[in-house]
Amino acid sequence: MGGYSLVYKHSARRNVFLFAVSLFFYYKTSGFYFIILLFSTVVDFVIGWAIYTNKVKWQRQALVALSILVNLMVLGYFKYAYFVVDFLHDLTGIELTVINSFALWTNQAVGTNFVFEKILLPVGISFFTFQTISYSVDIYRGHVKPVKNILDFGFYVSFFPQLVAGPIVRASEFIPQLHQPYQLSKQRAGLAVFWILNGLLKKLFLADYLAVQFIDRVFDNPQLYSGFETMSALFGYSLQVYADFSGYTDVAIGIAMLLGFTLPKNFNSPYKASSVADFWR
859 MGGYSLVYKH SARRNVFLFA VSLFFYYKTS GFYFIILLFS TVVDFVIGWA IYTNKVKWQR
919 QALVALSILV NLMVLGYFKY AYFVVDFLHD LTGIELTVIN SFALWTNQAV GTNFVFEKIL
979 LPVGISFFTF QTISYSVDIY RGHVKPVKNI LDFGFYVSFF PQLVAGPIVR ASEFIPQLHQ
1039 PYQLSKQRAG LAVFWILNGL LKKLFLADYL AVQFIDRVFD NPQLYSGFET MSALFGYSLQ
1099 VYADFSGYTD VAIGIAMLLG FTLPKNFNSP YKASSVADFW R
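As C-alpha coordinates, this is what we get:
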(Lines of atoms letter the chains of each structure in order from A and count residues from 1; the text may use other names and numbers.)
(Lines give C-alpha, C1' and ligand atoms only; values in the text may rest on other atoms or scores of the structure.)
Protein backbone atom coordinates (compact mmCIF):
# COMPACT_ATOMS: atom_id res chain seq x y z
CA MET A 1 0.00 0.00 0.00
CA GLY A 2 3.04 2.27 0.33
CA GLY A 3 3.37 2.81 -3.41
CA TYR A 4 -0.38 3.16 -3.81
CA SER A 5 -0.44 6.03 -1.31
CA LEU A 6 1.70 8.04 -3.74
CA VAL A 7 -0.61 7.63 -6.74
CA TYR A 8 -4.16 7.03 -5.52
CA LYS A 9 -5.22 10.68 -5.90
CA HIS A 10 -4.35 10.73 -9.62
CA SER A 11 -6.53 8.24 -11.51
CA ALA A 12 -4.23 7.76 -14.53
CA ARG A 13 -1.18 7.05 -12.38
CA ARG A 14 -3.26 4.89 -10.06
CA ASN A 15 -4.49 2.75 -12.96
CA VAL A 16 -1.00 2.32 -14.41
CA PHE A 17 0.37 1.41 -10.97
CA LEU A 18 -2.37 -1.17 -10.35
CA PHE A 19 -1.95 -2.58 -13.86
CA ALA A 20 1.77 -3.08 -13.20
CA VAL A 21 1.05 -4.67 -9.82
CA SER A 22 -1.57 -6.94 -11.37
CA LEU A 23 0.82 -8.06 -14.13
CA PHE A 24 3.52 -8.77 -11.56
CA PHE A 25 1.00 -10.72 -9.46
CA TYR A 26 -0.04 -12.74 -12.51
CA TYR A 27 3.58 -13.35 -13.51
CA LYS A 28 4.36 -14.69 -10.03
CA THR A 29 1.37 -17.06 -10.16
CA SER A 30 1.58 -18.13 -13.82
CA GLY A 31 5.03 -17.29 -15.15
CA PHE A 32 5.20 -16.55 -18.86
CA TYR A 33 1.48 -17.22 -19.22
CA PHE A 34 1.03 -13.52 -18.49
CA ILE A 35 1.65 -13.18 -22.25
CA ILE A 36 -1.79 -14.79 -22.78
CA LEU A 37 -3.30 -12.08 -20.60
CA LEU A 38 -1.55 -9.38 -22.62
CA PHE A 39 -2.65 -11.01 -25.87
CA SER A 40 -6.32 -10.96 -24.83
CA THR A 41 -5.91 -7.35 -23.70
CA VAL A 42 -4.49 -6.16 -27.02
CA VAL A 43 -6.93 -8.15 -29.17
CA ASP A 44 -10.07 -6.93 -27.44
CA PHE A 45 -8.83 -3.36 -27.08
CA VAL A 46 -8.39 -3.19 -30.87
CA ILE A 47 -11.64 -5.02 -31.60
CA GLY A 48 -13.52 -2.81 -29.15
CA TRP A 49 -12.50 0.34 -30.99
CA ALA A 50 -13.29 -1.28 -34.34
CA ILE A 51 -16.81 -2.11 -33.14
CA TYR A 52 -17.35 1.41 -31.83
CA THR A 53 -16.16 3.22 -34.97
CA ASN A 54 -17.85 0.88 -37.46
CA LYS A 55 -21.41 1.84 -38.42
CA VAL A 56 -22.27 -1.19 -40.56
CA LYS A 57 -24.34 -3.59 -38.46
CA TRP A 58 -23.17 -6.87 -39.98
CA GLN A 59 -19.54 -5.79 -39.71
CA ARG A 60 -20.05 -4.89 -36.05
CA GLN A 61 -21.61 -8.30 -35.49
CA ALA A 62 -18.71 -9.96 -37.27
CA LEU A 63 -16.25 -8.14 -35.00
CA VAL A 64 -18.11 -9.30 -31.89
CA ALA A 65 -18.06 -12.84 -33.28
CA LEU A 66 -14.32 -12.49 -33.91
CA SER A 67 -13.74 -11.41 -30.31
CA ILE A 68 -15.75 -14.37 -29.02
CA LEU A 69 -14.04 -16.81 -31.40
CA VAL A 70 -10.48 -15.72 -30.61
CA ASN A 71 -11.02 -15.70 -26.87
CA LEU A 72 -12.83 -19.03 -26.77
CA MET A 73 -10.20 -20.64 -29.01
CA VAL A 74 -7.49 -19.61 -26.54
CA LEU A 75 -9.58 -20.80 -23.60
CA GLY A 76 -10.51 -24.03 -25.38
CA TYR A 77 -6.89 -24.82 -26.26
CA PHE A 78 -5.66 -24.51 -22.69
CA LYS A 79 -8.72 -25.93 -20.92
CA TYR A 80 -10.34 -28.46 -23.22
CA ALA A 81 -7.68 -29.66 -25.69
CA TYR A 82 -7.13 -33.02 -23.96
CA PHE A 83 -10.85 -33.59 -23.50
CA VAL A 84 -11.48 -33.03 -27.23
CA VAL A 85 -8.56 -35.27 -28.24
CA ASP A 86 -9.70 -38.08 -25.92
CA PHE A 87 -13.27 -37.74 -27.18
CA LEU A 88 -12.18 -37.94 -30.83
CA HIS A 89 -9.94 -40.90 -30.05
CA ASP A 90 -12.80 -42.79 -28.37
CA LEU A 91 -15.12 -41.88 -31.24
CA THR A 92 -12.86 -42.61 -34.20
CA GLY A 93 -9.94 -44.61 -32.81
CA ILE A 94 -7.47 -42.16 -34.35
CA GLU A 95 -4.39 -41.38 -32.26
CA LEU A 96 -4.09 -37.63 -31.82
CA THR A 97 -1.50 -35.61 -29.93
CA VAL A 98 -1.86 -32.21 -28.30
CA ILE A 99 1.16 -30.05 -29.04
CA ASN A 100 2.16 -27.65 -26.27
CA SER A 101 2.76 -24.78 -28.69
CA PHE A 102 3.10 -22.18 -25.96
CA ALA A 103 5.94 -24.09 -24.30
CA LEU A 104 7.72 -24.41 -27.66
CA TRP A 105 7.36 -20.69 -28.39
CA THR A 106 8.58 -19.80 -24.90
CA ASN A 107 11.64 -22.03 -25.24
CA GLN A 108 12.49 -20.43 -28.59
CA ALA A 109 11.94 -16.90 -27.29
CA VAL A 110 14.00 -17.11 -24.09
CA GLY A 111 16.41 -19.91 -25.03
CA THR A 112 15.19 -22.42 -22.45
CA ASN A 113 14.64 -26.15 -22.88
CA PHE A 114 11.68 -26.89 -20.64
CA VAL A 115 9.64 -30.02 -21.34
CA PHE A 116 5.96 -30.08 -20.38
CA GLU A 117 4.09 -33.37 -20.70
CA LYS A 118 0.78 -31.57 -20.25
CA ILE A 119 -0.48 -28.11 -21.13
CA LEU A 120 -0.56 -26.10 -17.93
CA LEU A 121 -3.76 -24.16 -17.36
CA PRO A 122 -3.09 -20.43 -16.88
CA VAL A 123 -4.47 -19.13 -13.60
CA GLY A 124 -7.75 -17.24 -13.99
CA ILE A 125 -7.97 -17.70 -17.76
CA SER A 126 -11.73 -18.30 -17.63
CA PHE A 127 -12.31 -15.08 -15.69
CA PHE A 128 -10.30 -12.69 -17.86
CA THR A 129 -11.52 -14.42 -21.04
CA PHE A 130 -15.17 -13.76 -20.24
CA GLN A 131 -14.36 -10.24 -19.05
CA THR A 132 -12.77 -9.34 -22.38
CA ILE A 133 -15.70 -10.89 -24.24
CA SER A 134 -18.14 -8.86 -22.12
CA TYR A 135 -16.21 -5.72 -23.07
CA SER A 136 -16.78 -6.27 -26.80
CA VAL A 137 -20.43 -7.22 -26.24
CA ASP A 138 -21.10 -4.17 -24.04
CA ILE A 139 -19.59 -1.84 -26.65
CA TYR A 140 -21.74 -3.43 -29.36
CA ARG A 141 -24.87 -2.99 -27.26
CA GLY A 142 -23.98 0.61 -26.45
CA HIS A 143 -23.66 -0.02 -22.71
CA VAL A 144 -20.14 1.39 -22.57
CA LYS A 145 -17.72 3.38 -24.73
CA PRO A 146 -14.30 1.90 -25.52
CA VAL A 147 -11.44 2.76 -23.21
CA LYS A 148 -9.13 5.37 -24.74
CA ASN A 149 -5.96 4.10 -23.10
CA ILE A 150 -4.84 0.49 -23.47
CA LEU A 151 -3.22 0.67 -20.03
CA ASP A 152 -6.60 1.45 -18.49
CA PHE A 153 -8.12 -1.47 -20.36
CA GLY A 154 -5.28 -3.73 -19.26
CA PHE A 155 -5.98 -2.71 -15.68
CA TYR A 156 -9.66 -3.63 -16.09
CA VAL A 157 -8.75 -7.06 -17.50
CA SER A 158 -6.04 -7.89 -14.96
CA PHE A 159 -7.27 -6.28 -11.71
CA PHE A 160 -5.52 -8.62 -9.28
CA PRO A 161 -8.08 -9.02 -6.44
CA GLN A 162 -10.58 -10.74 -8.75
CA LEU A 163 -8.29 -12.13 -11.43
CA VAL A 164 -7.83 -15.61 -9.97
CA ALA A 165 -11.32 -16.53 -8.73
CA GLY A 166 -13.66 -13.73 -9.69
CA PRO A 167 -16.10 -12.19 -9.45
CA ILE A 168 -16.39 -11.68 -13.22
CA VAL A 169 -16.96 -7.96 -13.74
CA ARG A 170 -18.82 -6.63 -16.75
CA ALA A 171 -17.18 -3.72 -18.55
CA SER A 172 -20.26 -1.55 -18.03
CA GLU A 173 -19.89 -2.00 -14.25
CA PHE A 174 -16.15 -1.37 -13.90
CA ILE A 175 -14.96 0.94 -16.68
CA PRO A 176 -16.98 3.97 -15.45
CA GLN A 177 -14.99 3.68 -12.19
CA LEU A 178 -11.58 3.95 -13.86
CA HIS A 179 -11.27 7.71 -13.48
CA GLN A 180 -13.54 8.37 -10.54
CA PRO A 181 -11.84 10.14 -7.62
CA TYR A 182 -10.64 7.90 -4.81
CA GLN A 183 -13.03 7.86 -1.88
CA LEU A 184 -12.68 5.79 1.28
CA SER A 185 -14.85 6.85 4.20
CA LYS A 186 -14.61 5.23 7.63
CA GLN A 187 -17.86 3.42 6.92
CA ARG A 188 -16.59 2.10 3.58
CA ALA A 189 -13.26 1.06 5.12
CA GLY A 190 -15.09 -0.82 7.86
CA LEU A 191 -17.28 -2.53 5.29
CA ALA A 192 -14.18 -3.51 3.29
CA VAL A 193 -12.59 -5.09 6.37
CA PHE A 194 -15.86 -6.92 7.06
CA TRP A 195 -15.88 -8.38 3.51
CA ILE A 196 -12.26 -9.52 3.85
CA LEU A 197 -12.77 -11.13 7.27
CA ASN A 198 -16.02 -12.71 6.13
CA GLY A 199 -14.25 -14.21 3.12
CA LEU A 200 -11.37 -15.54 5.20
CA LEU A 201 -13.84 -17.06 7.65
CA LYS A 202 -15.64 -18.88 4.83
CA LYS A 203 -12.42 -20.06 3.23
CA LEU A 204 -10.29 -21.04 6.23
CA PHE A 205 -12.80 -22.04 8.88
CA LEU A 206 -15.56 -23.51 6.75
CA ALA A 207 -14.32 -24.70 3.34
CA ASP A 208 -10.85 -25.86 4.39
CA TYR A 209 -12.00 -27.30 7.72
CA LEU A 210 -14.79 -29.30 6.06
CA ALA A 211 -12.39 -30.58 3.41
CA VAL A 212 -9.60 -31.66 5.76
CA GLN A 213 -11.63 -32.94 8.70
CA PHE A 214 -14.47 -34.70 6.92
CA ILE A 215 -14.97 -34.61 3.15
CA ASP A 216 -11.48 -35.70 2.03
CA ARG A 217 -11.46 -38.54 4.57
CA VAL A 218 -14.77 -39.92 3.31
CA PHE A 219 -13.83 -39.58 -0.37
CA ASP A 220 -10.43 -41.24 0.19
CA ASN A 221 -11.91 -44.31 1.91
CA PRO A 222 -15.67 -44.42 1.29
CA GLN A 223 -15.87 -48.10 2.25
CA LEU A 224 -15.10 -47.17 5.86
CA TYR A 225 -18.15 -44.96 6.23
CA SER A 226 -21.89 -45.51 6.37
CA GLY A 227 -24.30 -44.47 3.64
CA PHE A 228 -25.48 -41.53 5.75
CA GLU A 229 -21.90 -40.31 6.23
CA THR A 230 -21.18 -40.66 2.51
CA MET A 231 -24.29 -38.68 1.59
CA SER A 232 -23.35 -36.07 4.18
CA ALA A 233 -19.93 -35.76 2.56
CA LEU A 234 -21.55 -35.22 -0.85
CA PHE A 235 -23.71 -32.42 0.51
CA GLY A 236 -20.74 -31.11 2.46
CA TYR A 237 -18.70 -30.94 -0.74
CA SER A 238 -21.26 -28.62 -2.34
CA LEU A 239 -21.05 -26.44 0.76
CA GLN A 240 -17.25 -26.54 0.58
CA VAL A 241 -17.23 -25.39 -3.05
CA TYR A 242 -19.67 -22.58 -2.26
CA ALA A 243 -17.67 -21.40 0.77
CA ASP A 244 -14.42 -21.65 -1.21
CA PHE A 245 -15.47 -19.47 -4.14
CA SER A 246 -17.69 -17.20 -2.08
CA GLY A 247 -14.83 -16.66 0.37
CA TYR A 248 -12.39 -15.74 -2.39
CA THR A 249 -14.82 -13.28 -3.97
CA ASP A 250 -15.65 -11.68 -0.62
CA VAL A 251 -11.94 -11.03 -0.04
CA ALA A 252 -11.65 -9.63 -3.58
CA ILE A 253 -14.60 -7.28 -2.98
CA GLY A 254 -13.04 -6.04 0.26
CA ILE A 255 -9.59 -5.43 -1.22
CA ALA A 256 -11.12 -3.63 -4.20
CA MET A 257 -13.08 -1.36 -1.83
CA LEU A 258 -9.87 -0.41 -0.01
CA LEU A 259 -8.36 0.48 -3.39
CA GLY A 260 -11.38 2.62 -4.29
CA PHE A 261 -13.31 0.28 -6.59
CA THR A 262 -16.63 -1.54 -6.31
CA LEU A 263 -16.98 -5.13 -7.48
CA PRO A 264 -20.39 -6.79 -7.82
CA LYS A 265 -21.60 -9.26 -5.25
CA ASN A 266 -21.04 -12.67 -6.81
CA PHE A 267 -23.17 -14.93 -4.61
CA ASN A 268 -26.71 -14.27 -3.43
CA SER A 269 -27.54 -17.21 -1.13
CA PRO A 270 -27.74 -19.80 -3.96
CA TYR A 271 -28.96 -22.56 -1.65
CA LYS A 272 -32.03 -20.50 -0.86
CA ALA A 273 -32.99 -20.47 -4.56
CA SER A 274 -36.53 -21.45 -5.42
CA SER A 275 -35.61 -23.03 -8.79
CA VAL A 276 -32.64 -24.23 -10.84
CA ALA A 277 -32.74 -21.04 -12.93
CA ASP A 278 -32.73 -18.94 -9.76
CA PHE A 279 -29.79 -21.00 -8.42
CA TRP A 280 -27.58 -20.11 -11.41
CA ARG A 281 -28.70 -16.48 -11.68
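One point on numbering: in my numbering, the residue at position 104 of the sequence shown is 962, and numbering is uninterrupted.
Glycine is no exception: its CB is placed at the ideal position from the N, C-alpha and C atoms.
Source: prediction; values computed, not measured.
T1107: member of the alpha helix (DSSP H) spanning G1085 to L1116, first to last residue. The beta carbon of K1060 sits closer than 6 Å to those of A1101, S1104 and G1105, all from its chain and outside the five residues before and after it, given in chain order.
For F1119 against Q1035, the beta-carbon gap comes to about 5 Å, under 8 Å, which counts as contact. Secondary structure at L1009: helix, using DSSP grouped into helix, strand and coil. Shortest Cα-Cα distance from L933 to any of A1069, A1050, K1123 and L979 involves L979.
Q1041: not part of any alpha helix (DSSP H); DSSP gives it neither H nor E.
Taking 8 Å as the upper bound for CB-CB distance, P1025 and L1121 are in contact here, some 6 Å apart. Judged by beta-carbon spacing, A1091 lies within the 8 Å limit of V1076, meaning their Cβ atoms are closer than that value. Only exposed fits P1080, as fewer than 16 other CB atoms lie within 10 angstroms of its CB. Between S994 and L895, the C-beta spacing is not below 8 Å.
Between the alpha carbons of Q1071 and G1094 lies a gap of roughly 11 Å.
Note on W1053: 16 or more other CB atoms within 10 angstroms of its CB, so buried under the neighbour-count rule. Short of 7 Å from the beta carbon of L881, and not among the five residues preceding or following it, lie these beta carbons of its own chain, in chain order: F892 and S1016. Counting along the chain, the unbroken alpha helix (DSSP H) around V879 starts and ends at S869 to S888. With 16 or more other Cβ atoms from the protein chains shown falling within 10 Å of its own Cβ, A1114 counts as buried. Per DSSP, reduced to three states, the secondary structure at R1028 is coil, with no helix or strand assignment. Your pair F1013 and F877 checks out as a contact, with CB atoms roughly 4 Å apart and the cut at 8 Å. The beta carbons of L1021 and F985 sit closer together than 8 Å. DSSP places G1048 in the helix class (H, G or I) of the three-state scheme.
G1085 and I1008 have their C-alpha atoms roughly 56 Å apart. Secondary structure remark: continuous alpha helix (DSSP H) runs of at least 4 residues inside the stretch 1055-1079, in chain order: 1074-1078. Taking the C-beta atoms as reference points, I997 is found nearer than 8 Å to Y910.
Counting along the chain, the unbroken alpha helix (DSSP H) around V901 starts and ends at F892 to T911. Bounds of the alpha helix (DSSP H) holding P1019 are F1018 to L1021.
In chain order, L921, L924, S925 and S994 place their CB closer than 7 Å to the CB of I905, counting only its own chain and leaving out the 5 sequence neighbours on each side.
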